[in-house]
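Here the structure is laid out as structure tokens; the discussion comes afterwards.
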Ligand SMILES: Cc1ncc(COP(=O)(O)O)c(C=O)c1O
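Numbering (my numbering), first residue to last: 22 to 477.
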């Protein structure tokens with residue numbers, strides 16, 4: 022039963038389109054937010070409402086919405102070839118050039134690139150590569166994977182097990198055994214009273230080591246981490262965290278997989294979140310801003326010692342038996358290649374570095390707001406956390422529906438944000454200007470003021 026009048030596309034959607042991460046019954050009744058056009062950092066809905074897309078869609082539309090230059094590239098490749106695969110040694114110039122360009126911007130020593138179509142596929146592929154590696158090394162008992170509470174690495178069957186959020190497992194009979202979850206680096210809520218960021222990081226590293234020793238280091242294959250936890254709440258790591266955790270991982274000979282699906286391509290102020298936090302990963306998973314989200318494409322970037330093990334396996338079994346029909350798709354590859362050229366032309370990293378202080382100051386200014394307990398970020402990603410009491414950090418009574426009120430208020434004010442529990446994250450398109458950042462925070466502040474007034 023529809024609860025509002027829908028135009029034809031929305032009515033079709035409500036009747037036939039099943040939506041991920043959506044209350045299915047509510048969708049049947051309310052229909053979609055139907056976005057019909059993009060313009061820079063803005064999207065426009067079917068009723069002509071214009072929003073600043075403060076979340077860049079799903080942390081991904083780095084160049085904003087709509088892009089004629091990328092449209093021309095896609096059109097040319099689609100007209101000229103449209104499709105070819107990368108199985109059995111086949112390739113296309115676009116896939117080859119993209120791989121080379123990605124290797125050129127990857128951290129030193131990471132020169133091998135395996136293309137697929139989504140962040141989930143990249144993480145799933147990396148998981149198989151980790152097991153392939155340890156089998157090649159004669160250590161098949163290294164099977165267990167350590168991820169972190171609150172982590173998000175996709176929603177495939179195995180990647181849902183890497184994802185360490187209870188609501189992603191409920192109803193699916195997941196996770197499988199062999200996936201372990203260590204502490205979330207969420208200082209605001211998880212630190213003990215008076216515990217500094219450094220002390221908290223030390224404790225998390227000690228807890229990780231205790232887990233490894235209890236399980237047996239010889240059974241642990243890899244440690245999996247997003248540099249900044251996106252869907253966990255835009256959680257930036259506490260001081261010293263990656264240095265300490267990485268030392269433990271290395272000490273026990275465990276592979277480090279950096280999930281850079283959100284953090285890659287300037288989100289944290291460097292090309293890779295790994296560079297921002299001094300991580301030296303064995304495998305990087307990237308997607309999203311790789312193509313400015315204009316085409317579905319992802320990559321696993323592979324450190325040489327892992328690739329050498331893959332060579333050994335390929336020798337042993339005759340081929341590297343893995344791949345997807347659309348891996349290295351020429352249209353997606355050509356668009357991603359052009360996106361990387363655009364990043365170079367616009368000096369993406371320089372641009373993010375120059376506007377990030379204004380973005381972070383926006384969060385800082387919200388710290389004193391009566392609804393806000395925590396506010397922090399890095400580069401062009403950050404979040405505020407809503408509390409009922411700043412001292413005790415108590416959350417609001419769920420019956421007050423504070424986050425739903427904030428969502429409604431921001432939408433009325435022409436701003437789309439990302440809500441995660443009682444946190445509100447912003448990760449705008451990287452093309453955003455300082456003036457647009459000010460406008461985005463002005464709309465957010467006005468929305469919070471409205472909700473604070475409603476609650477009073
Ligand atoms: C860190 C991280 N890894 C993996 C994924 C999964 O990517 P996809 O939705 O393209 O499968 C996401 C998606 O948001 C993500 O944020």
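Every residue gets a Cβ at the ideal spot worked out from N, C-alpha and C, and that includes glycine.
DSSP places residue 309 in no alpha helix (DSSP H); its state is neither H nor E.
Within the segment 103-153, the complete alpha helix (DSSP H) runs of at least 4 residues fall at 114-126. The beta-bridge partner set that DSSP reports for residue 396 consists of 405. DSSP places residue 277 inside the beta strand (DSSP E), whose first and last residues are 276-280.
Closer than 7 Å to some heavy atom of ligand 1: that does not describe the Cβ of residue 120.
In the three-state reduction of the DSSP assignment, residue 252 falls in the coil class, being assigned neither a helical nor a strand state. In the DSSP assignment, residue 165 falls within the beta strand (DSSP E) that extends over 165-169.
Under DSSP, residue 59 forms a beta bridge with 64. The DSSP assignment places complete beta strand (DSSP E) segments of no fewer than 3 residues inside the segment 152-225 at 165-169 and 200-203, in order along the chain. Take the alpha-carbon of residue 82 and the one of residue 130: they are about 28 Å apart.
By the Cβ criterion, the segment 51-62 is in contact with the segment 449-456, since at least three pairs of Cβ atoms, one from each stretch, lie closer than 8 Å.
Closest by C-alpha distance to residue 355, out of 102, 86 and 42, is 102. Classified as exposed, residue 413 has fewer than 16 neighbouring CB atoms from the shown chains inside 10 Å of its CB. In the three-state reduction of the DSSP assignment, residue 293 falls in the coil class.
Under DSSP, residue 298 takes part in no beta bridge, so it has no partner. For residue 374 and residue 460, the gap between their C-alpha atoms comes out near 19 Å. Assigned with DSSP and collapsed to three states, residue 320 falls in strand.
One alpha carbon belongs to residue 196, the other to residue 188, and they sit about 11 Å apart. Taking 8 Å as the cut-off, the beta carbon of residue 290 is found no closer than this to the beta carbon of residue 157.
The beta carbon of residue 182 is closer than 7 Å to those of 195, 196, 197 and 200 in its chain, skipping five residues each way along the sequence. A contact is defined here as three or more CB-CB pairs under 8 Å, and the segment 359-369 meets this definition with respect to the segment 83-91.
Relative to ligand 1, the beta carbon of residue 154 is positioned no closer than 7 Å to any heavy atom.
Under the three-state reduction of DSSP output, residue 72 falls in the strand class.
A distance of 8 Å or more separates the beta carbons of residue 91 and residue 349. No residue range can be given for residue 288, since it is assigned to no beta strand (DSSP E) and is classified by DSSP as neither H nor E.
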